[in-house]
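Taking it in order: structure first as structure tokens, then the write-up.
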Amino acid sequence: MKSWIWMLMLAMCFVGQAAAQTKGVKLVCRSDDPFVFCTQGCKDQDKNWIPVDPISATWVAVPGYCLFPSPTPCCAGPVCLQAWTPTAITALAQYQSVCPQAKKQGKWTGQQRPENVPFAH
Numbered sequence: 464m465k466s467w468i469w470m471l472m473l474a475m476c477f478v479g480q481a482a483a484q485t486k487g488v489k490l491v492c493r494s495d496d497p498f499v500f501c502t503q504g505c506k507d508q509d510k511n512w513i514p515v516d517p518i519s520a521t522w523v524a525v526p527g528y529c530l531f532p533s534p535t536p537c538c539a540g541p542v543c544l545q546a547w548t549p550t551a552i553t554a555l556a557q558y559q560s561v562c563p564q565a566k567k568q569g570k571w572t573g574q575q576r577p578e579n580v581p582f583a584h
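Residue numbers for the sequence shown, in the working numbering: 464 to 584.
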């Protein structure tokens with residue numbers, strides 16, 4: 464009987480830890496819209512990376528930007544790639560931690576593009 468109590472307590476610890484990881488995360492891009500953020504990433508000057516698969520948290524760097532998050536330009540000989548913005552660096556970390564929690568990717572069913580509902584973001 465005591466072993467069941469310990470197993471239940473252990474399970475409750477994991478549930479609490481998982482709940483704590485999803486609460487209180489305000490996304491730095493896309494007006495805190497997780498669907499648009501996880502499928503499109505950031506926009507404008509903060510679009511330094513592009514989501515490939517939100518569930519596995521895979522991404523690629525936008526051509527012309529450093530191939531990895533870097534606050535300084537990446538140079539190899541005469542070729543220099545642009546530095547990432549601080550927002551893009553933070554957003555990538557959020558993408559890698561928040562988006563895989565969905566477990567599977569949903570489809571957009573609205574009549575307008577998702578980044579335009581309820582306003583452009």
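Just so it is clear, CB atoms sit at the ideal spot from N, CA and C, and this is done for glycine as well.
Computed from a prediction, not measured in an experiment: that's the story for all the values here.
Which residues share a DSSP beta bridge with L544?
Bridge partners of L544 according to DSSP: C537.
DSSP three-state assignment for V499, whether helix, strand or coil:
DSSP places V499 in helix when its eight states are reduced to three.
What residues in its chain sit with their C-beta under 6 Å from that of Q559, if we drop five residues either side in the sequence?
Correct list, in chain order: A520.
For I552, which of helix, strand or coil comes out of DSSP?
Correct three-state label for I552: helix.
Can you grab the Cα-Cα spacing for the pair N579 / S533, in whole Å?
Going from the Cα of N579 to the Cα of S533 covers about 30 Å.
Note down the Cα distance separating D495 from G487, rounded to an integer number of angstroms.
Each residue's Cα considered, the two are about 11 Å apart.
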